[in-house]
DNA sequence: CCAGCAAACTTGTCGCGACAACCATTCCCG
DNA sequence: CGGGAATGGTTGTCGCGACAAGTTTGCTGG
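Chains as they are written, first to last, in the numbering used here: chain A, 155 to 327; chain B, 155 to 327.
Structure (structure tokens):
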């Protein structure tokens with residue numbers, strides 16, 4: 155097996171990306187925990203629901219919008235439910251499914267947490283990049299996601315939730 | 155408090171970056187666990203040591219090179235030590251410090267794991283980007299890191315290990 | 001020269017996420 | 001129209017990382 159090593163520019167880019175992957179989530183998470191007593195992931199669950207008409211989604215749809223596995227989401231929803239921020243309910247149409255709805259408390263929570271979170275995203279990402287770089291970053295992320303997530307579950311996030319993520323060939327090959 | 159919201163291009167870029175942050179580490183981690191029985195972080199600890207003259211570093215220096223807190227690193231080193239991949243030893247010069255050295259087994263482990271890991275980095279990141287985008291990504295990551303890690307601990311990674319990370323104002327403010 | 005502070009780790013506890021196993025419902029097809 | 005597969009979700013277990021003490025060694029100033 156001939157090893158395709160990384161040349162200088164590639165290595166340089168990868169090392170830096172890796173550092174971002176390692177450090178950025180922690181910073182965002184810490185801010186939300188401190189100021190809103192929420193995980194970043196919890197925040198995005200609430201946030202996703204808050205942006206949905208009816209403030210409710212099926213578990214599976216919610217998992218598409220938040221890049222989560224179903225088990226993980228289920229645990230998180232359980233915790234949020236215990237705190238009264240969301241509620242589960244089932245639809246008689248398909249009794250396998252569970253729907254999650256944002257409660258008024260959950261809505262209020264998101265309203266209070268959003269400014270701080272947006273501010274830190276601005277401070278650590280948006281503000282340090284030029285408009286040009288922001289466009290570049292979108293394109294780069296898109297390219298990586300296309301390979302990472304061939305079903306394009308993610309890129310559908312801010313568009314639709316109405317169709318399943320195509321043949322799920324999520325093989326790490 | 156007037157909230158500086160995200161406009162369309164910014165939001166688009168952030169949503170995609172977030173998805174990458176969420177998904178990419180898991181994919182890399184899964185490959186290493188499966189093929190080498192190593193965490194990605196464990197791999198980078200071993201890898202960092204393997205690239206160091208003498209294949210040894212102080213704990214603190216090692217933490218600079220791997221973006222880890224000292225407690226985390228300490229735990230990981232303990233595990234690696236139990237598996238015989240690294241060994242701790244102390245230097246009489248400053249008896250507070252602990253040094254970590256890659257064992258022959260550890261060296262062999264890294265040698266075996268590297269090709270697979272490099273391959274998946276190629277497949278998921280390098281190969282989907284143009285040379286131009288790789289340069290852009292390095293610049294973007296640099297900008298984010300500069301804010302994230304004002305001490306520039308990270309950018310020093312592939313250069314030097316010999317000086318402390320300047321006044322540690324790692325305030326999440 | 002010693003008191004107090006800082007540096008360098010280590011250890012313990014807790015919570016979240018991955019994975020696997022499981023249950024319920026629905027779909028598909030002979 | 002009945003039986004197996006597929007879909008949708010939940011639960012249990014385990015391991016790693018964050019955070020908060022605690023410990024030892026070195027440093028510095030009065």
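C-beta atoms are modelled at their ideal positions from N, C-alpha and C, and glycine is treated no differently.
Member of the options whose CA lies at the smallest distance from the CA of residue i
| i | options | result |
| --- | --- | --- |
| residue 193/A | 271/A, 298/A and 302/A | 271/A |
| residue 220/A | 252/B, 260/B, 190/B and 175/B | 175/B |
| residue 298/B | 302/A, 303/A and 288/A | 288/A |
| residue 242/B | 210/B, 223/B and 248/B | 210/B |
| residue 199/A | 233/A, 167/A, 245/A and 172/A | 233/A |
| residue 226/A | 195/A, 280/A, 268/A and 201/A | 195/A |
| residue 203/B | 163/B, 285/B, 257/B and 166/B | 257/B |
| residue 222/A | 214/B, 172/B and 162/B | 172/B |
| residue 279/B | 179/B, 163/B, 167/B and 157/B | 179/B |
| residue 216/B | 237/B, 245/B and 254/B | 254/B |
| residue 161/A | 164/B, 285/B and 261/B | 285/B |
| residue 167/A | 302/B, 290/B and 267/B | 290/B |
| residue 201/A | 246/A, 265/A, 212/A and 224/A | 265/A |
| residue 263/A | 244/A, 186/A, 301/A and 214/A | 186/A |
| residue 250/B | 163/B, 214/B, 296/B and 292/B | 214/B |
| residue 259/A | 273/A, 240/A and 181/A | 240/A |
| residue 300/B | 163/A, 282/A, 300/A and 294/A | 282/A |
| residue 296/B | 303/A, 268/A, 158/A and 177/A | 177/A |
| residue 208/A | 294/A, 261/A and 269/A | 261/A |
| residue 268/A | 189/A, 157/A and 292/A | 189/A |
| residue 181/A | 276/A, 238/A, 230/A and 212/A | 276/A |
| residue 293/A | 235/B, 164/B, 218/B and 252/B | 164/B |
| residue 158/B | 274/A, 169/A and 237/A | 274/A |
| residue 245/A | 224/A, 212/A and 230/A | 212/A |
| residue 252/A | 224/A, 236/A and 237/A | 224/A |
DSSP state of residue i mapped onto helix, strand, coil
| i | result |
| --- | --- |
| residue 255/A | strand |
| residue 192/A | coil |
| residue 211/B | strand |
| residue 161/B | coil |
| residue 328/B | Any question about residue 328/B goes unanswered here, given that chain B covers just 155 to 327. |
| residue 247/B | coil |
| residue 281/B | helix |
| residue 176/B | helix |
| residue 206/A | coil |
Start-to-end residues for the alpha helix (DSSP H) that takes in residue i
| i | result |
| --- | --- |
| residue 293/B | 285-302 |
| residue 226/B | 224-236 |
Residue i CB to nearest heavy atom of the ligand ATP below 7 Å
| i | result |
| --- | --- |
| residue 157/B | Ligands displayed in this structure: none; no statement on the ligand ATP is therefore possible. |
Boundaries of the beta strand (DSSP E) in which residue i is found, first to last residue
| i | result |
| --- | --- |
| residue 242/B | 240-243 |
For the segment 170-182 of chain A, which residues have a CB atom closer than 7 Å to at least one CB atom of chain B, in sequence order? Across the segment 170-182 of chain A, CB contacts with chain B closer than 7 Å involve 170, 171, 173, 174, 175, 176, 177, 178, 179 and 181, in sequence order along the chain.
Residues in the segment 250-271 of chain B having any Cβ partner in chain A nearer than 7 Å: Here the close residues are 269.
Between the segment 283-301 of chain B and chain A, which residues of the former have CB atoms less than 8 Å from a CB of the latter, in chain order? Listed in sequence order: 283, 285, 287, 288, 289, 290, 291, 292, 293, 294, 295, 296, 297, 298, 299, 300 and 301.
In the segment 236-247 of chain B, which residues sit with their C-beta less than 7 Å from some C-beta in chain A, listed in chain order? Listed by position along the chain: nothing, the set is empty.
Below 7 Å between beta carbons is the criterion; list the residues of the segment 208-229 of chain B that meet it against any residue of chain A, in chain order. From the segment 208-229 of chain B, only 221 have a Cβ closer than 7 Å to chain A.
Just by C-beta distance, which residues in the segment 186-202 of chain A are closer than 7 Å to chain B? Listed by position along the chain: nothing, the set is empty.
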